[in-house]
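Here's the structure we're looking at; comments come further down.
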Amino acid sequence: MDIAKLRRMADQIAVNFAAIGHDNAVLATADHIKKFWDPRMKAQIFADDRSRLSPIAAAAIDKLAAGADPAPQTGATDFNEVDEVGHMDAG
Amino acid sequence: MGYERQKDFGTPEVESDEMVTLTIDGRKVTVPAGTSVMRAAAEIGGDIPKLCATDNVKAFGSCRLCLVEIEGARGTPASCTTPVAPGMDVKTQTPRLEKLRKGVMELYISDHPLDCLTCSANNDCELQDQAANVGLRDVRYGYEGANHLGEATDTSNPYFDFDASKCIVCSRCVRACDEVQGTFALTVDGRGFASMISAGQGVDDFLSSECVSCGACVQACPTATLQEKSVKAIGKPERSVITTCAYCGVGCAFRAEMRGEQLVRMVPWKDGKANHGHSCVKGRFAWGYANHKDRITKPMVRESIDQPWREVSWDEAIGFAADRIKKIKAEHGPRALGGITSSRCTNEETFLVQKLIRAGFGSNNTDTCARVCHSPTGYGLSTTFGTSAGTQNFDSATKTDVFLVIGANPTDAHPVFGSRIKKRLREGAKMIVVDPRRIDLVKSPHINAAHHLPLQPGTNVAVLTSIAHVIVTEGLADEDFIAERCDADEYAEWARFVSDEKHSPEFLEAVTKVPAETVREAARLFATGGNGAIYYGLGVTEHSQGSSTVMAIANLAMVTGNIGREGVGVNPLRGQNNVQGACDMGSFPHELPGYRHISDPEVRGLFEKDWGVTLDPEPGLRIPNMLDAAVDGSFKAIYIQGEDILQSDPDTHHVAAGLAAMDCVIVHDLFLNETANYAHVFLPGSTFLEKYGTFTNAERRVQPVRKVMEPANGYEDWEVTQLLANAIGCEWNYTHASQVLDEIARLTPGFAGLNWDRVDANEQLQWPVNDKAPMGSPVMHVGGFVRGKGKFVVTEYVPTDEKTGPRFPLLLTTGRILSQYNVGAQTRRTGNNVWHDEDVLEIHPTDAENRGLKTDDFARLASRAGETTLRVLVTDRVAPGVVYTTFHHPDTQANVVTTDNSDWATNCPEYKVTAVQVTPSNGPSEWQEEYADLTAMARRIETMEPAE
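So the protein lines, in turn, are chains A and B. By the count of our numbering, the first sequence reaches residue 103 at its end, each step adding exactly one. By the count of our numbering, the second sequence reaches residue 957 at its end, each step adding exactly one.
Dropping the structure here:
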């Protein structure tokens with residue numbers, strides 16, 4: 013796949029999390045990519061040169077490449093459990 | 010059901026806590042205070058004669074046919090305009106009333122053609138009924154005097170005629186246009202005997218007037234004056250079937266009125282909870298595509314896309330497709346396969362397509378057209394509220410005091426709900442519009458928005474944050490709501506963020522181009538004006554910060570306490586009929602039905618046990634990534650049901666390259682659409698009139714789709730998916746869509762309480778429907794948020810990468826027009842083309858003058874991605890520096906120009922911001938010429954010589 017596009021996607025995620033602070037943004041970026049990217053996209057960005065990424069994105073990819081499995085960092089990555097109505101619940 | 014007219018109570022339903030008991034013809038009846046005597050009588054089965062009254066418009070009291078006698082009251086008051094009173098004793102049928110009514114009818118009939126036997130409304134005419142009801146046997150005045158019998162018929166509208174000779178000037182059409190539709194296109198012209206119904210100005214006919222062809226006047230007409238051409242051509246319906254419109258996300262309920270297997274007309278169903286008997290030009294009239302000559306009803310295959318199509322049997326087509334799928338899977342693995350579900354198809358069909366991909370193909374490469382419209386809604390609302398859906402029902406708008414409409418144009422894209430908004434505005438509610446264009450909700454007859462914020466495209470987050478800045482810094486936040494319902498620490502952090510001076514309207518004015526004082530006034534109104542409701546559309550989601558904008562909207566609702574009751578809320582207006590359903594059904598590559606992540610072993614286990622397969626635990630590819638992977642060579646085959654990604658998705662060149670790179674493209678559709686130019690297998694689809702299932706509308710309402718005629722292609726769409734699934738080794742044996750719904754309910758907690766019996770009973774429930782909410786959930790987050798506390802999210806404004814400059818100095822934004830729908834595959838094959846037969850480019854007079862362009866000139870529209878040509882409309886509806894067009898016509902193909910920029914969280918394309926240049930042109934672009942040749946080549950169908 014077009015690695016430039018994958019870099020841009022990762023950087024775009026990172027910059028939109030930047031406002032929550034570097035460390036949190038790294039975790040949130042890693043969590044996002046872990047939950048939403050297809051394996052071939054992950055493999056390709058893991059193999060890419062980190063210096064081509066923004067610092068937050070690079071740190072997030074480092075974490076994932078090292079096998080990290082971050083806990084959900086946003087409501088959007090905190091998915092329903094098997095019997096949970098959750099996202100479909102009236103509250 | 011057999012054919013019978015919809016029950017008409019004569020005057021609208023009244024809501025009141027006070028109940029009144031009266032006696033009508035000796036029978037006691039109790040109704041809400043304010044109810045008319047006419048309606049009270051109808052409630053107990055009475056049928057007071059009437060002509061000018063109908064229950065979707067206010068009482069008028071002009072025909073004098075509904076007179077009654079009331080004990081102790083003088084005269085014979087009109088029952089439609091007389092409210093009930095405690096102890097009232099009403100007589101609806103007396104010799105005196107009989108005489109009066111007969112006299113009234115005599116006058117009407119003296120100026121009405123006596124051609125009942127050949128009239129298209131014969132046996133379906135209220136005038137005829139009332140003549141019979143009052144026992145009219147002759148007319149003493151004769152027919153030789155002055156009359157209107159020679160008046161001409163206006164046939165200009167493609168769908169209905171106006172036969173003035175049959176008009177009784179009851180004004181029901183005028184009032185329906187005013188009160189129901191809110192267009193004010195009709196009037197009673199002249200006085201006394203010269204009174205005539207007139208559309209627009211004196212020089213206008215219906216087509217040239219402001220009439221939007223919603224059909225409300227036709228439905229209101231008690232005679233054959235305003236009548237569908239289809240009724241004139243075919244005759245009176247003999248049966249009707251309740252079903253759900255297949256156009257936008259409003260989900261209007263219709264009666265498909267039939268003769269045999271022929272659809273005579275679609276009439277909005279009064280008991281439809283989304284539309285309450287109203288309709289728009291698309292749902293009401295634009296169904297002719299269903300039997301259009303372009304429709305493909307036989308399967309076709311070809312070895313490669315440069316060959317002509319070859320018509321084959323279903324067995325051969327399915328076998329051809331299955332062989333290719335199996336071969337690719339064997340050679341490249343399951344992740345080389347994928348598919349796209351359709352928001353135009355039913356929940357059951359969508360569920361089966363994602364099941365086919367996950368359980369049959371063996372990958373999670375399933376995505377849906379919601380990717381390119383409302384995927385940021387799922388992300389944004391899940392993050393903030395814990396739900397992937399709008400919070401209200403449409404009726405909630407009747408309790409709204411301040412509307413904030415951002416990035417949506419409801420009067421064009423969701424017309425029936427647009428009319429509901431306009432009605433509420435006429436009742437005194439206030440409107441704030443945030444949109445680069447001056448849409449009709451800014452200014453139109455009897456509509457005048459309190460504030461219009463004509464922002465620079467791409468600055469939604471900046472505008473919403475500046476509104477929040479005003480609310481927080483001016484002390485307008487609803488502190489009690491926030492303390493009770495939201496996370497305190499997150500609120501404090503967010504409040505600090507928005508309070509920063511760099512988020513003030515004054516600081517951001519240079520970016521947003523919205524005057525700071527306008528932002529401040531709008532913010533104050535939204536925070537202090539009573540019930541505030543936010544409605545938004547693709548002008549929010551289709552941006553590089555689409556998800557951030559949705560979260561900023563949710564922040565705004567929470568900071569003002571506008572969540573969790575009627576009249577308020579955050580409401581995504583879904584573009585297609587089943588966007589909500591497609592998302593609910595697990596169409597996205599990372600989650601199974603019910604918004605449960607594919608990586609969760611317990612979730613996977615549930616489905617694996619039910620389906621008897623092992624599922625891939627990794628997320629699949631999104632649509633744009635599928636195309637990238639195809640170009641890259643790792644994605645080889647796709648099954649596309651009911652979508653036309655070549656026309657609808659951005660950066661056409663890239664979509665075409667992706668499709669062309671695949672070894673197997675299976676298109677399952679009604680027509681040889683643009684995507685089919687690159688297909689190897691074409692599986693003919695069925696229309697919404699030819700199948701059973703359910704749609705889920707924008708208010709989470711699950712409604713029935715019913716088969717009213719046999720599929721022209723031989724199969725309902727879910728059956729075609731099942732054929733393909735079984736050909737690759739699945740062992741499915743569904744015999745009715747209801748069995749798929751049962752499976753959905755079995756596997757999806759929010760649908761646990763749904764089944765076909767409830768759907769078939771027209772309960773029209775809003776999910777979640779389960780033990781906790783057995784009757785569904787009209788308003789969400791009552792008393793608390795799903796995730797516990799509402800989450801305020803800091804949404805930093807990040808400008809888009811798409812910048813204007815010397816080469817591309819203007820910003821293009823795209824959208825929809827009333828008469829056309831999405832890629833136009835359906836509406837372009839109907840009479841709707843009379844209003845819009847080509848995409849045009851709206852450009853501000855200053856920008857046009859600078860380029861030497863006039864209205865109707867051809868212009869070249871170019872971006873970094875590509876170029877096309879189209880005609881120009883010079884209008885100040887768009888701001889200087891902004892141009893606008895639609896994407897309904899493949900000859901124009903606006904998406905040749907749009908780029909592959911997308912939302913940071915969901916990859917929803919940034920359709921709404923493209924830097925462009927506009928220059929005069931004298932002919933089609935090179936791409937347009939090449940594409941015309943390609944289309945001609947790609948649509949060849951080999952004709953076989955008959956055997957000797």
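Ideal placement from N, C-alpha and C gives every residue a C-beta, glycine not left out. Every value quoted in this text rests on a predicted model; they were computed, and no experiment measured them.
The C-beta of A417(B) comes no closer than 8 Å to any C-beta of chain A. From the listed residues G576(B), N586(B), G738(B) and A561(B), the smallest Cα separation to V507(B) is found for A561(B).
W765(B) carries a helical assignment under DSSP once its states are collapsed to helix, strand and coil.
In the three-state scheme derived from DSSP, where H, G and I count as helix and E and B as strand, A262(B) is classed as strand.
CA-CA distance, N779(B) to G759(B), rounds to 6 Å. Taking C-beta atoms under 8 Å as the contact rule, D449(B) and I456(B) qualify, at a distance of about 7 Å. For Q656(B), the enclosing alpha helix (DSSP H) covers residues I654 to S657. For H745(B), there is no enclosing beta strand (DSSP E), as DSSP gives it neither H nor E. Inclusion of P246(B) and Y12(B) in the CB contact set at 8 Å is warranted, their separation being smaller than that value. By the Cβ neighbour-count rule, Y150(B) is exposed, with fewer than 16 other Cβ atoms within 10 Å of its own. Proximity of T392(B) to chain A, defined by a Cβ-Cβ separation below 8 Å, is satisfied. Note on geometry: alpha-carbon atoms of G399(B) and I572(B) lie some 11 Å from one another. Comparing alpha carbon positions, the residue from A265(B), D324(B), K282(B) and E312(B) closest to G297(B) is A265(B).
Nearest to G389(B) by alpha-carbon distance, out of V470(B), R344(B) and T377(B), is V470(B). Leaving aside the five residues that flank M946(B) on each side, the residues in its chain whose CB is nearer than 8 Å to its CB run, in chain order, D315.
Residues of chain A whose Cβ lies closer than 7 Å to the Cβ of K511(B) do not exist; the shortest such Cβ separation is about 12 Å. For G759(B), a Cβ of chain A is located within less than 8 Å of the residue's own Cβ. For the stretch 615 to 646 of chain B, the set of residues with a beta-carbon nearer than 7 Å to any beta-carbon of chain A comprises L615, E627, P628, G629, L630, N634, D637, A638, D641 and S643, in chain order. Interface flag for D609(B) against chain A is set, since a Cβ pair is found closer than 8 Å.
In this model, V802(B) and G87(A) are separated by some 10 Å (Cα to Cα). Under the Cβ criterion of 8 Å, Q24(A) is counted among the residues facing chain B. Between the alpha carbons of D198(B) and E699(B) lies a gap of roughly 44 Å.
The Cβ-Cβ distance between V250(B) and R715(B) falls below 8 Å. Two segments are said to touch when three or more pairs of C-beta atoms, one from each, lie closer than 8 Å; by this definition the stretch 722 to 742 of chain B touches the stretch 685 to 702 of chain B. Within chain B, not a single residue places a beta-carbon under 9 Å from that of P82(A); the smallest gap is close to 12 Å.
By the Cβ criterion, the stretch 23 to 42 of chain A is in contact with the stretch 60 to 71 of chain A, since at least three pairs of Cβ atoms, one from each stretch, lie closer than 8 Å. Contact of D50(A) with chain B is assigned, a C-beta pair being separated by under 8 Å. Of all alpha-carbon atoms in T355(B), N131(B) and S174(B), the one lying nearest the alpha-carbon of D726(B) is that of T355(B).
The continuous beta strand (DSSP E) containing C673(B) extends over residues C673 to D678.
W620(B): member of the alpha helix (DSSP H) spanning P610 to W620, first to last residue. Closer than 8 Å to the CB of N779(B) there is at least one CB belonging to chain A. Between P122(B) and S174(B), the C-beta spacing is below 8 Å.
K800(B) reaches chain A at T86 and G87, counting residues in chain order whose Cβ is nearer than 9 Å.
Rounded to whole angstroms, D751(B) and E740(B) show a C-alpha spacing of 17 Å. Shown here, D124(B) sits in coil according to DSSP, grouped into three states, outside any helix or strand. Proximity of the stretch 355 to 366 of chain B to the stretch 590 to 598 of chain B meets the contact definition, three or more beta-carbon pairs being nearer than 8 Å.
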